[in-house]
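So that you can map any letter, position 18 of the sequence shown is 3 in the numbering used here, and since no number is skipped, the others follow by simple counting. Even glycine gets a Cβ: it sits at the ideal position worked out from N, Cα and C. Predicted model, so just to flag it, every value in this text is computed and none were measured.
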Amino acid sequence: MNQDIENYTSPDFKGEPVYTFLFHTNNPDVDHGGICSINIEISGAGDVDSAKLNISMSSYLVDGKVEVKYNSPGRETRSFEEVPPITMGLPLELFTNWTPDGFSPINRGERYFNGLPLISFSFKVPKKAPRGVHKIFFTLTYKGQKSNKWYKDNQIMEIRIKRFYETPMGKFILILAAIIAALPGLPTLWNILDILWSMFQTSLCSL
């Protein structure tokens, strides 16, 4: 019984590794010229000998390069810029597990430090990027310390570049057209409405 209690209050997270890749963003819907920022977490347990992360996305989604930041506790934030696809080696401290109070097991890759995730990346969306839903592919690959066996976890994230009618200009044209349409007996306004409608259709065709 005492051994069972000891195992419960001081769990051992050593052994064959099992990890999954997590991501979060506050702006999954972006506009042309907008910045898409993504925070990364790695959750799981087990001993890891080496690991890497691959980030793959269409080049037309990125204006310039992707900025990757690594925030290590007690050190200055490090960053680098690279064009996609990006492959980066992961520091083993991301896979460090401990139980500070005997009840709350923690993996360092799951934690934020000073309000920042250990890994994050961001990129600017080009003004001519195709509108609609696009996918970003992540592959976490890692090797067990004792078994020398490789594992991987694949995840897909979707971001959406706003359609024209969802942008401030598109909404303005729609609202203005609705106001003009509600005014009776003014041929000039109807002509303006026709012009606005033509502008709107032209914008849709260009998407």
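I40 is positioned such that its CB atom lies closer than 8 angstroms to that of I71.
F65 counts as exposed, since fewer than 16 other beta carbons sit within 10 angstroms of its beta carbon.
Segment contact: the stretch 108 to 117 against the stretch 27 to 35, fewer than three CB-CB distances shorter than 8 angstroms; contact not assigned. Rounded to the nearest angstrom, the gap between the Cα atoms of S132 and S35 is 12 angstroms. Between the stretch 97 to 111 and the stretch 120 to 135 there are fewer than three C-beta pairs closer than 8 angstroms, too few to call the two in contact. When only Cα atoms are considered, P2 and T126 end up about 11 angstroms apart. CA-CA distance, N82 to F108, rounds to 31 angstroms. At a Cβ-Cβ threshold of 8 angstroms, R145 and D48 do not count as neighbours. When the Cα atoms are used, V118 and L46 turn out to be separated by approximately 11 angstroms. Per the coordinates, the alpha-carbon of G94 lies some 22 angstroms from the alpha-carbon of E67.
The alpha carbon of M42 has as its nearest neighbour, out of G74, R96, P76, P69, the alpha carbon of P69.
Counting only runs of 3+ residues, the beta strand (DSSP E) found wholly inside the stretch 32 to 85 occupies 33 to 41, 51 to 55, 63 to 67, 71 to 74, in chain order. Classified as exposed, N12 has fewer than 16 neighbouring CB atoms from the shown chains inside 10 Å of its CB. In this structure L77 does not touch L38 by the C-beta definition: roughly 13 angstroms separates them, more than the 8 angstroms allowed. Per DSSP, reduced to three states, the secondary structure at G117 is strand.
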